[in-house]
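Undergrad: Each step along the sequence shown adds one to the number in our numbering, with nothing skipped, and position 333 is 425.
One structure, as structure tokens, below. Some questions next.
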Amino acid sequence: MKKKTAVATSVIFLVLLFGLAIVNLALPKKAFSENENRALQPFPSLTVDSLLDTSFTSDFDTYITDHFAFRDFWVGAKTLAEVALQKKDSGGAYFGKDGYLIERHDLTDNIPQFSSRYINREQYAKNLQYVKEFTEQMQQNYQVDVHTMIVPTASYVLHDKLPAFAPEVDQDELLIQARETIPGFIDLRNTLRGHKDEYIYYRTDHHWTSLGACYAYQQWCETVGLPVRDVSWYRQEILSEDFLGTTYSKATLYTAQPDTITAFLPPEDAPVTVTYNEGAGTSEKVSDSMYERSHLENKDKYPVFLDGNQPITRIDTQVQNGRKLLIIKDSYANTFAPFAANDFEQVYMLDLRHYKASVSEFVQEHGITDVLVLYNVAGFSTDTNVFLLPD
């Protein structure tokens, strides 16, 4: 009897093993995971060099992991198990209170490219000096005032929603350092913490919502002498109620509540013309809306705001006051810029990750009157392109 049981167990194990192998081979391979919002590992190239330096083995292991049958199901099941075991986080996202998945930030000394997950103190300090130098140059050479917003992330503003004793980077220290270094720095800490019980950050994404950006815009208007409009001044249009963003992609928690994406519009229709990558040939595009609704059909819906991160974006409005705004930005600015379209003739955005020409020359050529540097803390600390700002 024991022998028959052992044989049956072995047969079942082999059937499962070879069955999964056959399914893995038979299933079509995807190049991109919408659920995780990242490119998947392609089948690695087998060469003598890749065998000798073990890169083939490493890449093949990643390939198998990325294309394992029913991967999304297993990732979600793993996350549910971690929640049941009372783990604090998964994949870099904390399991917060009230259904929030809040991005965790860790210190690092060596992140070669922009990342929302890490804080690089050394790069952060360098970038503060670059912005300081740029600010002084703009004022001295062109009489153009520069203001800077470095936006604290949800893990700071919504700290009360983090799991007990969750380790987090001290953003107070970083923002005080910015305030003491950069002329024209706008400190958003009190403003955002004053609204922390409102829907100012997405539950499943690392960005702020339009409401969070609205409160920041109000503070900026107070600083630069523009009219401060109450939230009630805007018409609010819901663009999506099923947004699952970047922190969901990290944790894949099946019980997560989808986010709502809302556009804040002026009381009456105000025509705009949005030009992306002007003069860039095939990548140039013109639109009559700041909301690219085609993205609402995708897993990643945040690029509905101004078509995501473009090298150059230009918004032409019906405002006639002679003021032209340039925003040096990361993706947090995509939600902020539509508010500025109510107060400026033109709003330009430059993303230094993709725009490599002289910013000073851009300011002169386009008659810029106001400049705003706008990043979130983590993005600012890992963007290695800020050195492009000063001449």
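We put the CB at the ideal spot given by N, CA and C, even for glycine.
For the structure I just gave you, are there three or more beta carbon pairs, one from the stretch 346 to 363 and one from the stretch 289 to 297, closer than 8 Å?
TA: Contact holds: three or more Cβ-Cβ distances are below 8 Å.
Undergrad: Which one of Gln229, Tyr216, Val320 has the shortest CA to CA distance from Arg271?
TA: Among Gln229, Tyr216, Val320, the Cα nearest to that of Arg271 belongs to Tyr216.
Undergrad: Determine the DSSP secondary structure at Thr352, reduced to helix, strand or coil.
TA: It is a strand residue.
Undergrad: Compute the Euclidean distance between the alpha carbons of Tyr440 and Val323, then round it to the nearest angstrom.
TA: Using only the alpha carbons, I get a separation of about 24 Å.
Undergrad: Of all the CB atoms in chain D, is at least one closer than 8 Å to the CB of Leu418?
TA: No chain D is present in this structure, which holds just one protein chain.
Undergrad: I need the DSSP call for Lys377, collapsed to helix, strand or coil.
TA: Lys377: strand per DSSP, three-state reduction.
Undergrad: To the nearest angstrom, how far is the alpha carbon of Asp334 from that of Thr352?
TA: Whole-angstrom Cα-Cα distance: 6 Å.
Undergrad: What would DSSP say about Arg327, mapped onto helix, strand or coil?
TA: Reduced to three states, the DSSP call for Arg327 is strand.
Undergrad: Measuring CB atoms only, is the stretch 232 to 247 touching the stretch 462 to 470, in the sense that at least three cross pairs come out at less than 8 Å?
TA: Enough Cβ pairs lie closer than 8 Å, so yes.
Undergrad: Pull up the DSSP beta-bridge partners for Asp198, would you.
TA: In DSSP, Asp198 forms a bridge with Tyr210.
Undergrad: I need the DSSP call for Tyr467, collapsed to helix, strand or coil.
TA: Tyr467: strand per DSSP, three-state reduction.
Undergrad: Rounded to whole angstroms, how far is the Cβ of Gln328 from the Cβ of Thr283, which I believe are closer than 8 Å?
TA: No, Gln328 and Thr283 are not in contact; Cβ-Cβ is about 20 Å, not under 8 Å.
Undergrad: Taking only the alpha-carbon atoms, compute the straight-line gap between Tyr368 and Ser375 and give it to the nearest angstrom.
TA: So the alpha carbons of these two residues sit roughly 8 Å apart.
Undergrad: From Asp289 to Ala246, what distance separates their C-alpha atoms?
TA: Using only the alpha carbons, I get a separation of about 12 Å.
Undergrad: Once you ignore the five residues that flank Lys342 on each side, which residues in its own chain have a CB closer than 6 Å to its CB?
TA: Around Lys342: Gly183, Gly184, Ala185.
Undergrad: Measure the alpha-carbon distance for Leu442 versus Leu481 and round it to whole angstroms.
TA: Roughly 11 Å between the two C-alpha positions.
Undergrad: Should Met441 be counted as a contact of the ligand FMN given a C-beta to heavy atom distance under 7 Å?
TA: As for the ligand FMN, it is missing from this structure, which has no ligand bound.
Undergrad: What separation, rounded to the nearest whole angstrom, lies between the Cα atoms of Phe472 and Asn219?
TA: One C-alpha to the other measures close to 7 Å.
Undergrad: Apply the 10 Å Cβ neighbour rule to Thr139 and answer buried if 16 or more other Cβ atoms are within range, or exposed otherwise.
TA: So Thr139 ends up on the exposed side.
Undergrad: Which value, in whole angstroms, describes the spacing of the CA atoms of Leu254 and Phe187?
TA: In a straight line, the C-alpha of Leu254 is about 7 Å away from that of Phe187.
Undergrad: Any idea which residues DSSP pairs Arg385 with across the strands?
TA: In the DSSP output, where bridge partners are listed per residue, Arg385 has none listed.
Undergrad: Three or more C-beta pairs under 8 Å: does that hold for the stretch 298 to 305 against the stretch 424 to 437?
TA: At 8 Å Cβ cutoff, the stretches touch.
Undergrad: Hey, His458 and Pro403 are a contact pair by Cβ (cut 8 Å); roughly how many whole angstroms apart?
TA: Going by Cβ atoms, the distance from His458 to Pro403 rounds to 15 Å, so no, they are not a contact pair.
Undergrad: If you reduce the DSSP assignment to three classes, tell me which class Gln215 lands in.
TA: In the structure shown, Gln215 sits in a helix (DSSP, three-state: H, G or I).
Undergrad: Cutting at 6 Å between CB atoms, please list the residues of its own chain near Val223, excluding the five before and the five after it.
TA: Only Thr240, Ile274, Val465 meet the Cβ criterion.
Undergrad: In chain order, which beta strand (DSSP E) runs of at least 3 residues are fully inside the stretch 216 to 260?
TA: The qualifying runs are 237 to 243.
Undergrad: Skipping 5 residues on each side, what residues in its chain have a beta carbon closer than 6 Å to that of Tyr192?
TA: If we look at Tyr192 and ignore the five residues flanking it on each side, its Cβ neighbours are Lys253, Arg295.
Undergrad: Thinking C-alpha only, which one of Asp392, Ala425, Phe436, Arg213 is nearest Gln410?
TA: It is Phe436.
Undergrad: Going by the CB atoms, is the gap between Gln456 and Tyr234 shorter than 8 Å?
TA: Yes; because the gap between Cβ atoms is below 8 Å, this pair is in contact.
Undergrad: Would DSSP call Arg321 helix, strand or coil?
TA: Arg321: coil per DSSP, three-state reduction.
Undergrad: What residue range is occupied by the uninterrupted alpha helix (DSSP H) comprising Tyr488?
TA: One cannot answer for residue 488 here, as it falls past the ends of the chain, which runs 93 to 483.
Undergrad: Taking Lys484 and Gln438 to be in contact with their CB atoms under 8 Å, please state how far apart those CB atoms are, rounded to whole angstroms.
TA: One cannot answer for residue 484 here, as it falls past the ends of the chain, which runs 93 to 483.
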